[in-house]
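Here is the structure we will look at, set down as structure tokens.
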Amino acid sequence: MAVSPRRVTALLASLALLATLPACSSKPPDDSLKTFLGAWEQGNIAGLKFLGQDGKALSGDAAQQLLTTVEGDLAAQQPKLSLKGAPAVKDDECTAIVTVQWPVSGSTWEYDTTVKAKRVDKQWTVIFSAKTIHPDLESTDKLAVKKASGTRGSILDAAGQPIVSSKPVVTIGVEPRQVTDINLVVKNLGDAFTAAKVSVDLSTLPNRVKSAKPDAFVEIITLRKEIFDPIANKLNSTPGVVTRNSTQSLAPSAQFARALLGTSGQVTKEIMDKNPGKYKVGDVVGLSGLQQKYDEILQGRPGVSVVIPKPTGTPDVKLFSADPAEGAKIKLTLDVNMQNAAEAALALDTRRSALVAIRISDNSIVAVANGPGAAGNNFALVGQTPPGSTFKTITALGALDKGLTGDSIVACPKTLTVDGRTFKNSHDMELGNVPLHTDFAKSCNTAFASLAPQLGPDGLAKTAQSVGIGIPWDLGVDVFTGKVSANGSKSEQAAAAFGQGTTLASPVILAGAAAAVARGQWKQPQLVLDPAPKNPAADGPQLNPASLDALRQMMREVVTAGTADQLKNLPGDLRGKTGTAEYDNDPAHTHSWFMGYRGDIAFCVFVENGGASTAAAVPIAGKFFQTIG
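With mature numbering (1 follows the signal peptide of the UniProt record, and there is no 0) as the guide, the letters of the sequence shown map in order to residues -25 to -1, 1 to 604.
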């Protein structure tokens, strides 16, 4: 018989207690009772001597077997036992009231039981039976613990309205004994899923059905009810296809902030193996995103009952129950309208893409969107990619702080060689001797590479830190806050000046930097409001007003006469910086970026392998702002 950890760790203690038991001959029964209670708490009474209810001797092994069997689902738990008042002694018999407290799934089951002892040959011996454990138990009983999941907590938007809440879903499956034609089942399922625009691999379904038990439920997919309803008739009329209705914690749509919010679903075997005893089959847990990170508080407390199971047709005897408690709510800064606009702007691009929007006035992240090509990855917050020419915003701020102005002449040759490494401009652009604001608007790589010596070996990193890049944040969710080259070679410093080399960024940090330029000071953005993050970054320094005035004008020129001029007629005072970032050391492999702000909204758009920013990121930003008005 397997021995629980509770029994193993208690063995030596029980043997020590046993050595004291015979010493009770001339004393009241208290010591004998306390010895028994201590052994019971530890789960090992095998070393003690007992009497049975019939008055005959009962071996410790027999008592241990009865204890383990009757405790059932509670056998691995450790109860807290205490004498309630002094034992009542009459002649050679003793009766004690004992308070028992069992930990049961976060609740405590407390009751009183009676422990009797008898003096035999001047020694007090406990009379042990199932009723010693609980007054209602018989030797043939076995305690069972039954759990009921509580209502999962909601994730709220900035207005306090549920983003993620319980919604009806339908799980589609196949019951083998009802199937008359498996090929028809596969065809009808395929047609229905195509009509619903749901991608499901049915290639293994025939073998799964063939190997399953006749009455099994071979699960295929769970759909939102509104997605299932239009295909319900076709599926319900197919012999063998069966459905089950239930609820799940879901966002307004399947795409809505999916990578951020994550998903919840039935607990997997892997999760159960990592958390023995915590879950039962059918429990709903967070599987990704915020649903997983905050699973403990979203779950709430499960309902639980302790029962004595009875034969079929006879109700179980309930000894204890605790109602389930609803999980706590998580409050975010997301704005549903902004998030929908961001999702819509990304919807038509099949490449991995992201859009982050921040309300400048209160530093709230109002949209965290990842395009359909993101495959569930939260690239908006944790992406790590060269920022390309968007980083010229940081270089320009550093250069302006060093004394340059927007009118300072900074040459823009076709190529520039630094420490043996040659840099060039997109489309072999050559502007000649032009003002810095023109270099910025037209996005001249060679001009900005030439500024690196003026910033010094760590100047770019320090400027980046002043706008929140490369320092720790605490958003309440995973975030990549950037990596900026410092103290590198001259060629590395030159590459970093226009967002290449080893410099890396995520969309959210560039949106945060744009907000800092608009506000005049960097403040860590907010995303999770409740529970509040424990270690948010301190506010950055006040930025140089003269540098900001020049930089803001330069960002406006990008839109009116530079690389984002396709948005020059967009209503509002849009300011920004485009970026085309090479990767894999291949000029043909480029990501598309656009960061900036308009009014009270700072933003950053990223499109993986998007090519020129004018072809991908800039139009997406335009669609976003057209939608929000």
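Built from N, CA and C at the ideal position, the CB exists for glycine as well.
These figures come from a predicted structure and were not determined experimentally.
Segment limits, alpha helix (DSSP H) that includes residue i
| i | result |
| --- | --- |
| Gly35 | Gly35 to Glu46 |
| Glu318 | Val311 to Leu321 |
| Thr107 | Ala105 to Ile108 |
| Asn163 | Ile157 to Ala170 |
| Phe455 | No alpha helix (DSSP H) contains Phe455, which DSSP labels as neither H nor E. |
| Ser339 | Looking at the DSSP string, Ser339 is not in any alpha helix (DSSP H); the run it does join, the beta strand (DSSP E), is Ser339 to Asn345. |
| Trp15 | Asp5 to Gln17 |
| Arg94 | First-last for Arg94: Ser82 to Val95, but that is the beta strand (DSSP E), not the alpha helix (DSSP H). |
| Ala587 | Unbroken run through Ala587: none, as it is neither H nor E. |
| Glu245 | Lys244 to Lys249 |
| Gly22 | Element bounds for Gly22: n/a, residue is neither H nor E. |
| Thr287 | Counting along the chain, Thr287 falls outside any alpha helix (DSSP H), and DSSP gives it neither H nor E. |
Member of the options whose CA lies at the smallest distance from the CA of residue i
| i | options | result |
| --- | --- | --- |
| Gly463 | Val454, Asp453, Ala436 and Ser441 | Ala436 |
| Thr89 | Thr243, Ala21 and Phe11 | Phe11 |
| Ala512 | Arg531, Ala536, Glu557 and Gly443 | Gly443 |
| Gly60 | Asp5, Phe103, Thr421 and Gly240 | Asp5 |
| Ala317 | Gly35, Asp29 and Phe578 | Phe578 |
| Ile157 | Pro214, Gly434 and Ala521 | Pro214 |
| Lys65 | Thr83, Ala51, Ile20 and Arg94 | Arg94 |
| Ser82 | Ala297, Leu236, Ser104 and Asn420 | Ala297 |
| Pro516 | Asp540, Thr438 and Asp575 | Thr438 |
| Ile195 | Ala471, Lys209 and Val161 | Val161 |
| Ala207 | Ala170, Ala234 and Lys117 | Ala170 |
| Pro428 | Phe366, Ser441 and Ala470 | Ala470 |
| Val145 | Leu518, Leu198 and Lys106 | Leu198 |
Buried/exposed call for residue i, threshold 16 Cβ in 10 Å
| i | result |
| --- | --- |
| Gly585 | buried |
| Ile272 | exposed |
| Ser1 | Note that Ser1 has pLDDT 44, beneath the 50 cutoff, so the model's placement of it is unreliable and the number below is only indicative. Exposed, by the Cβ-count rule. |
| Gly571 | buried |
| Ala(-24) | The predicted model places Ala(-24) with a pLDDT of 44, which falls under 50 and marks its position as unreliable, so this point remains unresolved. |
| Ala592 | buried |
| Asn163 | buried |
| Thr325 | exposed |
| Pro520 | exposed |
| Ala(-3) | Bear in mind that a pLDDT of 34 at Ala(-3), under 50, signals an unreliable position, so the model cannot answer this. |
| Val477 | It should be pointed out that residue 477 corresponds to Thr in this sequence rather than to Val. With fewer than 16 Cβ atoms within 10 Å of its Cβ, Thr477 is classed as exposed. |
| Asp87 | exposed |
| Ala14 | buried |
| Ser588 | buried |
| Glu467 | buried |
| Pro500 | buried |
| His412 | buried |
| Glu85 | exposed |
| Asp96 | exposed |
| Gly288 | exposed |
CB contact flag (residue i, residue j, <9 Å)
| i | j | result |
| --- | --- | --- |
| Val242 | Gly252 | no |
| Ala486 | Ala332 | yes |
| Leu356 | Val452 | yes |
| Ala119 | Val279 | no |
| Leu504 | Ala133 | yes |
| Glu301 | Gly148 | no |
| Pro151 | Asp190 | yes |
| Val139 | Gln314 | no |
| Ile423 | Ser364 | The amino acid at residue 423 is misidentified as Ile; the sequence shows Phe. Result yes, Cβ atoms of Phe423 and Ser364 sit closer than 9 Å. |
| Phe415 | Ala371 | yes |
| Val582 | Ser418 | no |
| Ile102 | Leu42 | no |
| Ile20 | Gly35 | yes |
| Ala92 | Ala71 | yes |
Beta strand (DSSP E) segment containing residue i, residue limits
| i | result |
| --- | --- |
| Trp217 | One point to set straight first is that residue 217 is Val, not Trp, in the sequence displayed. Val217 -> beta strand (DSSP E) spans Val216 to Leu225. |
| Leu198 | Val193 to Arg199 |
| Phe398 | Arg396 to Lys399 |
| Gly407 | Gly407 to Pro410 |
| Arg334 | Ser328 to Arg334 |
| Lys465 | Looking at the DSSP string, Lys465 is not in any beta strand (DSSP E); the run it does join, the alpha helix (DSSP H), is Lys465 to Ala471. |
| Asp376 | No beta strand (DSSP E) holds Asp376; the alpha helix (DSSP H) holding it covers Lys367 to Asp376. |
| Gly487 | It is not in any beta strand (DSSP E) - Gly487 instead sits in the alpha helix (DSSP H) that spans Pro482 to Arg494. |
| Ile576 | Ile576 to Val582 |
Any contact of the region 342 to 353 with the region 384 to 394, i.e. 3+ C-beta pairs under 8 Å?
-> no
Do the region 367 to 380 and the region 512 to 528 touch if we need at least three Cβ pairs shorter than 8 Å?
-> The answer is yes - the region 512 to 528 touches the region 367 to 380, with three or more Cβ pairs under 8 Å.
Is the region 330 to 347 in contact with the region 229 to 242, if contact means three or more CB pairs nearer than 8 Å?
-> yes
Inter-stretch contact (C-beta, 8 Å, three-pair minimum) for the region 594 to 604 and the region 318 to 327 = Contact between the region 594 to 604 and the region 318 to 327 is present: three or more C-beta pairs spanning the two stretches fall below 8 Å.
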